[in-house]
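The next block holds one structure in the form of C-alpha cells; read it before the comments.
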Amino acid sequence: ERSMTRNPAFALVGISCFAAAAHAFAPASAFLRARAPVVAGRRFFETSSRCRVLRAQHPDKSRVLQSSVAAGEVDWAKRLLTKHQANNVTPYIANLVGRDLHLKKAHPLNIIKTKIETYFKSRDAEFQCKDSLDPIVTITQCFDDLLIPADHPGRRPSDTYYLDETRLLRTHTSAHQTELLRQGVTKFLCTGDVYRRDEIDASHYPAFHQMEGVKILPECDNIEWVKMCSDDLKSYLEGMIDAVFGPVQKRWIDAYFPFTEPSFELEIFYNGDWLEVLGCGVVQQPILNNCGMSHRHGWAFGLGLERLAMVLFDIPDIRLFWTEDPRFLTQFKEGTITKFQPYSKYPPCYKDIAFWLPTDWQENDFAELVRNVAGDLVENVKLIDKFDNKKKGKTSHCYRINYRSMDRSLTNEEVDKLQIQVRTLATERLKVELR
C-alpha cells in the first residue's frame, strides 16, 4: 500500500460544466446522457452495473406518505436505520437528513431557490412553493407513478437508499408530483434534499437538492396541445434562466425521460462553454390520467440547486455546501450571488488499496463504505489501475483514496487508522481479496 502526502500548495479551483451531484429531472444517472461532462475519462452521469431490483409488494397500501417535517422534531436515525433486511441506509446518511440547507437564509442553495421562486411567483401568483415534504417516500411515488420501468437502474439498491421493500429516501423531488396533483395543486415548485448512492469526488455527494416545477394548463380540446405546452414551458424556463444568470444564449436539445414526452434539455452558453442546466418536458398523459386529470395537459422540469450554485458562486467542492465553517457561511448574503473566496489550502494524503473483485462487485458499495468510515474527510476515490488475470479468471482494481480536510491538516497517523478500517471492512463486507 502506497502513501503520498503533498505540500500545502492546494488551491480550490472552479469546476466546469456543472460538475455537481444532481442530474436534475432524473431518478437515476442514466437519464441525462449525451452531453454529460467528462472528468478523468469518466462521464458524470454513469450508472452502476446490475444489481437486484426491489419492488413494492403492496403498492396500493403504500401509495402516499405525506407530511411536512420540522428537522428539530424528528429522530431521523430512529426513522431511517431500521432493522429490515432491505435497509441500506447508513448512519452517515441519516445524519444528513433534516439539515434543510435549502431553507437556511443566506446559504447559496437558498439564494438560488429564492431567486427561482420569486421569478415564478412574479409571472403567476398561483404557483405554490413546497419545500418541507417528507423525504421518505414509497416506491410507487418515486418510480411507479412516474412510469419508470421496473428494471431501471435507478431502482437498484446499489443506487438508492431503501428503508424496507416499499419505502426509500427520495431520489428526486419528482416523487411528490402525483401526490400534489391528486391534492388538486396544478402549479407548484417542489424543493428538497434527495439521496443517491454515488461515486466520491468534488462534484458528487450522496445528498443534494433538487427543484421540481409543474404547471397544468387549463382544460382544452386544442389538437395542438403538445406544441402549446412546449411553448409555454420554454417561455417560462428561458425567463427563469435570464432571472438567475442574466441574459445568456440558450439552446434546446431533444432528450428522453420516462415521465415526459416530448422531453428537452436546456443548455446555456456561460463562461465560454455550453452548459446543461435542466431537464424538462410535457407530462406523460398516463400520469395525469392516474391523477384524475385525463382532460388536462401540462409540463414539468427539474434542476439541481448545487449544480447551479457551483457555477454561479464558483464553489469548487460539493462538500462545502454542508460545512458549518463560518469562513464559508459568512461570505454570502441573502439575495446576492457572491463569488466564493477559497480559504482551504490543506494538503491531501493519498492512500492506495488494491484487491481482487468478488463476483457481485458494485463500485457504489465501495464508495459507500469509504464514506461511512471517513465521512467528509474523503475528497475523492479514483480507479487508477485495472488488471484482468485470464488464468485465474479474476479482475483486480486499484483505487486511490484522497483524504483531505477542508478545515485542518490531516496527519498520516489518523489517515492510516481510517485506511485500515477501509481495508478491514472491504474484506469483511464486500468480500474482496486484498492484494
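Numbers 402 to 836, taken from our numbering, label the letters of the sequence shown in order.
Heads up, the beta-carbon is just placed ideally off N, CA and C, and yes, glycines get one too.
Counted within 10 angstroms of its Cβ, other Cβ atoms place residue i as buried (16 or more) or exposed
i    : result
R407 : Summary for R407: the model assigns pLDDT 34, below 50, so the residue's position carries little reliability; its value from the coordinates is reported in the next sentence. R407 should be labelled exposed.
A478 : exposed
Y563 : buried
K818 : exposed
E666 : buried
G647 : exposed
D525 : exposed
A603 : buried
H798 : buried
L835 : exposed
P558 : buried
Y606 : buried
D594 : buried
Y744 : exposed
E814 : exposed
T825 : exposed
C621 : exposed
N781 : buried
I617 : buried
R556 : buried
Q486 : exposed
I601 : buried
R772 : buried
Range of the contiguous beta strand (DSSP E) that encloses residue i
i    : result
C530 : Q529 to K531
T539 : I537 to T539
A755 : C750 to W757
A701 : G699 to G705
L570 : R568 to L570
Whether residue i touches residue j by CB criterion (8 Å)
i    : j    : result
I494 : A608 : yes
M807 : R708 : no
T539 : T567 : yes
Q578 : A701 : yes
K734 : A507 : yes
L758 : T796 : yes
R705 : T515 : Before going further, note that residue 705 is Gly rather than Arg in the sequence given. Taking 8 Å as the Cβ cut-off, G705 and T515 do not qualify as a contacting pair.
E668 : I654 : yes
R598 : D560 : yes
D535 : N488 : no
I754 : V823 : yes
L676 : V712 : yes
T491 : E769 : yes
A827 : F729 : no
According to DSSP, residues forming a beta bridge with residue i
i    : result
T592 : M612
H577 : BP columns for H577 are empty, so no partner.
N790 : K795
Q650 : F670
D655 : F665
W675 : F670
N803 : Y751 and N781
E834 : W757
Y563 : L569
C681 : F665 and F702
H605 : D602
I617 : G699
The alpha helix (DSSP H) enclosing residue i, as first and last residue numbers
i    : result
T515 : P509 to R524
K635 : W626 to F646
F665 : It is not in any alpha helix (DSSP H) - F665 instead sits in the beta strand (DSSP E) that spans T661 to Y671.
E829 : N813 to L831
Y493 : P492 to A495
F729 : P727 to L730
D766 : E764 to A775
W477 : W477 to L481
Q686 : Q686 to N690
Rounded distance between the beta-carbons of residue j and residue i, thought under 8 Å
i    : j    : result
S810 : Y747 : 5 Å
Y671 : P749 : Not confirmed; about 29 Å, so no contact.
F589 : V615 : 6 Å
P659 : I549 : 5 Å
L831 : D766 : 6 Å
R583 : G693 : 7 Å
K752 : I785 : Not a contact, Cβ separation roughly 12 Å.
Y596 : T574 : Their Cβ separation, rounded to whole angstroms, is 11 Å, which puts Y596 and T574 out of contact at 8 Å.
F722 : L504 : Not confirmed; about 13 Å, so no contact.
R480 : I537 : 7 Å
E580 : Q611 : Incorrect: roughly 15 Å between the Cβ atoms, too far for contact.
I512 : I716 : The Cβ separation is near 12 Å, so there is no contact.
P630 : G585 : Correcting the residue identity first, residue 630 is Cys in this sequence and not Pro. Not really, about 19 Å apart at Cβ, beyond 8 Å.
Cβ of residue i within 8 Å of any chain D Cβ
i    : result
D777 : Included in the structure is just one protein chain, with no chain D present.
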